[in-house]
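Notes to accompany the following structure.
Chains as they are written, first to last, in the working numbering: chain V, 613 to 986; chain P, 613 to 986.
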């Protein structure tokens, strides 16, 4: 167990969920709204995570896989009716992002859309209601991230970004990930890997973030196969959770084309696509697209994760996807070429596009989608 | 130029001193007290750093080499008389630490001593007046650190520690270090190296801090000789300043015996000893003392800074001290064996002792001092 203070205070290690009551006291939250999703609640994880903390707190458990404006509005209504003064989010990235949305609207008037990053919302987001984040996956890094991805009523999946959206406390207890099924372990772990890789390759200058990203990439690469195969191994789960946390600490430096495309794909109205799975599928193509625009960084990345310099990183990512049972392409998820223009338009407007090492055109994005189809 | 948000918002890069007026506006400081020392003021650096920002701001320029309670009190009197609402600290660690002391007492009643870490002050330090830190050395990391080292009237050099003491903005402009003399470049650079090394070796669990520390150690080791010899090389100065910043971001993980001893030595009433010089002299002996208690970390450290695995790190640190003109031992600085008991008593009580990899006894500290004498 250790206390880490970077973007926010993080309690990390097996059993640290027991610090939740103290966190509520320290942050001054007397009546939290507990936010989670049906899967986490039914598995018993929610009770395990919040045991001994605010036993009569109201709960909102209807978080959809990609959180929507409608769900934010519904949770906010409970928050107000119950006179809450903060939130506890338990789950993967979706409950945490939804809690951030509620925390934002609890303290700001006007439409959610007006606070989106692409509409200049960054400067309009002031202090928000306090959020305590308890991840149950080793993946999104949302527990320390300053972004929430929310899908508006018209289907646009937009990023809401502000240092004020960073949870006041992240409680990262790897015991909460022990029961995560093989498929979700793989998909969320590859999501975390994509954070480390995209952050490290992005062109902004931020050596601390790059150092953290390389360390995180190494932990995930060395442990993800074992975590998927032997989910009850606490040491492996702890390494995975640290890698995911490091991805979240690092991605303030900026992500890239993988995330620009997966944000767009995640907003497709009829398909409920999993963010981590999308990132895993898109990564090899984007690494190839960027390869000649990142200096010696692919060599440093290979060294950090233990690959030989003669190995091809994109090929190794393809191989890992196969070994980990990730669907072979976007086509297998129901994506069709007819959707490409819709996706490309949104990817070009996404806040992650400007920090890709090589600026993608519409044609580039179409080509990347084509490569990722099968 | 880049914006980095970890412990606080950092503006980093040549020329970023121009962001000072905007920082004052963003933080809401209308009447800052400018804190610096006579050397920085006379060299013209102070005017260069604050050009265009709050031109009629009151100044306190009498910061001693190891800032004292008396100087804090004197600066606080000006702060109050001039109805200031924040501080700009320009210089090495001393003006920044003094500004933190003023910021603390401007918002808290009672004696300074009662807020010292060893008297449980950590939990009593609430919100303080905002500080903007502009380092003119690549050394202390005080610009992002949560500690202030202040010498009380009775000679004890105590640590005051709280996340609330972290400056609200660090403005790290390597152009402000171009004129730093060879001797100070070496001593402050080795101070930064000691932060990276002690932090990396300390036994707490904090992989992000360790990753940052390794990166910082490498930057300093590769550039310190060149920075000392060719002070006008901006690329080298930029690398040194990033290494020092990384040391400051990392040392929240905990320091060790080097700093426990140098804090005590820095409080010796008749000798005004330079913190960085002390750390440089003490490091080889402490690395030898810890060598069998740090697992494979010395090997990883050697790899990160570019030494061969067959090299002895402590020997290399000794060699660097000689090359960089660091005094050969504490004896050359006026320290005598008669002072040892005074020093050992304070080192044992220092907040950095518990995070040394091997717990030093009084006898161990005496032996370390003896080894560091000549």
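Built from N, CA and C at the ideal position, the CB exists for glycine as well.
Fill in: residue 746 of chain P in three-state terms, based on DSSP
strand
Item to complete: Return the residues of the segment 821-844 of chain V that lie within a Cβ-Cβ distance of less than 9 Å from chain P, sorted by chain order.
Response: Within the segment 821-844 of chain V, the residues whose Cβ lies closer than 9 Å to some Cβ of chain P are 821, 822, 823, 824, 825, 826, 827, 828 and 831, listed in chain order.
Item to complete: Establish whether the CB of residue 858 of chain V and some CB of chain P are separated by less than 9 Å.
Response: yes
Worksheet item: When Cβ atoms are compared, which residues of the segment 667-698 of chain V fall closer than 9 Å to chain P?
Response: none
Fill in: Contacts around residue 614 of chain P, its chain only, beta-carbon distance under 7 Å, and the 5 residues preceding and following it disregarded
Caution applies to residue 614 of chain P, whose pLDDT of 49 falls short of 50 and renders its modelled position unreliable; the value that the coordinates give is listed next. Excluding sequence neighbours, residue 614 of chain P sits near 624 and 625.
Worksheet item: Quick one: is residue 871 of chain P buried, meaning 16 or more other Cβ sit within 10 Å of its Cβ, or exposed?
Response: With 16 or more other Cβ atoms from the protein chains shown falling within 10 Å of its own Cβ, residue 871 of chain P counts as buried.
Discussion item. With a threshold of 9 Å between beta-carbons, can residue 775 of chain V be considered close to chain P, or not?
Written reply: yes
Worksheet entry | According to DSSP, residues forming a beta bridge with residue 681 of chain P | Paired residue(s): none; residue 681 of chain P is not in a bridge.
Item to complete: Would you list the one or two residues that DSSP bridges to residue 898 of chain P?
Response: Per DSSP, none; premise fails for residue 898 of chain P.
Worksheet item: In the segment 782-829 of chain P, which residue ranges form an unbroken alpha helix (DSSP H) of at least 4 residues, counting only runs that do not cross its ends?
Response: DSSP runs (the alpha helix (DSSP H)) wholly in the segment 782-829 of chain P: 794-813.
Worksheet item: Which one or two residues does DSSP pair with residue 763 of chain V in a beta bridge?
Response: DSSP output for residue 763 of chain V lists V/680 and V/769 as bridge partner(s).
Practice prompt. Could you check if residue 966 of chain V is buried or exposed, using at least 16 other CB atoms within 10 Å of its CB as the buried criterion?
Written response: exposed
Discussion item. By alpha-carbon positions, which one of P/736, P/917, P/825 and P/696 ends up nearest to residue 668 of chain P?
Written reply: P/696
Discussion item. Under 9 Å, Cβ to Cβ, is there at least one residue of chain P near residue 854 of chain V?
Written reply: True, the Cβ-Cβ gap to chain P drops below 9 Å.
Discussion item. Would you say residue 901 of chain P lies against chain V (beta-carbon separation less than 9 Å)?
Written reply: no
Worksheet item: Taking C-beta to C-beta, are residue 819 of chain P and residue 853 of chain V nearer than 9 Å?
Response: no
Worksheet item: Where in the segment 897-926 of chain V do unbroken runs of the alpha helix (DSSP H), each at least 4 residues long, occur, reported from the N-terminal end onward?
Response: 909-917
Worksheet entry | chain P within 9 Å of residue 863 of chain V, Cβ atoms only | no
Worksheet item: Considering only C-alpha positions, which residue in the set V/815, V/754 and V/813 is nearest to residue 704 of chain V?
Response: V/754
Worksheet entry | alpha helix (DSSP H) segment containing residue 700 of chain V, residue limits | Note, residue 700 of chain V: premise wrong, no alpha helix (DSSP H); beta strand (DSSP E) at 698-703.
Fill in: Enclosing beta strand (DSSP E) for residue 647 of chain P [first to last residue]
644-647
Item to complete: Could you round the C-beta distance between residue 771 of chain V and residue 875 of chain V to whole angstroms and report it? I think they count as a contact, below 8 Å.
Response: 7 Å
Practice prompt. Within its chain, find whatever has a CB closer than 7 Å to the CB of residue 730 of chain V; leave out the 5 residues flanking it on each side and keep chain order.
Written response: Apart from the 5 residues on each side of it in sequence, residue 730 of chain V sits with its Cβ closer than 7 Å to the Cβ of 770, 961 and 963 in its chain, given in chain order.
Fill in: residue 884 of chain P, buried or exposed, once every other Cβ within 10 Å from all chains shown has been counted against 16
exposed
Item to complete: Figure out for me which residue from P/737, P/904, P/776 and P/823 has the closest Cα to the Cα of residue 722 of chain P.
Response: P/737
Worksheet item: Is it buried or exposed for residue 986 of chain P, if we count other Cβ within 10 angstroms and need 16 for buried?
Response: Classification of residue 986 of chain P: exposed, given that the 10 Å Cβ count is below 16.
Worksheet item: Is it true that the CB of residue 777 of chain P sits closer than 9 Å to the CB of residue 715 of chain P?
Response: yes
Worksheet item: Could you check where the beta strand (DSSP E) with residue 621 of chain V kicks off and where it finishes?
Response: 621-624
Discussion item. Judging by CA-CA distance, which residue of P/953, P/903 and P/932 is the nearest neighbour of residue 971 of chain P?
Written reply: P/903
Worksheet item: Under the three-state reduction of DSSP, which class applies to residue 970 of chain V: helix, strand or coil?
Response: coil
Discussion item. Taking 9 Å as the threshold (C-beta atoms), are residue 758 of chain V and residue 635 of chain V in contact?
Written reply: no
Discussion item. Across the segment 651-661 of chain V and the segment 858-871 of chain V, are there enough close Cβ pairs to call them in contact, namely three or more that are closer than 8 Å?
Written reply: Short answer: they don't touch.
Item to complete: Return no unless some Cβ of chain P is closer than 9 Å to the Cβ of residue 809 of chain V.
Response: no
Discussion item. Using 9 Å as the threshold, is the C-beta distance between residue 980 of chain P and residue 901 of chain P below it?
Written reply: yes
Worksheet item: At a cut of 8 Å, does the segment 794-809 of chain P reach the segment 826-845 of chain P through at least three beta carbon pairs?
Response: yes
Practice prompt. Check the Cβ-Cβ distances between residue 819 of chain V and every residue of chain P, and say whether any is below 9 Å.
Written response: yes
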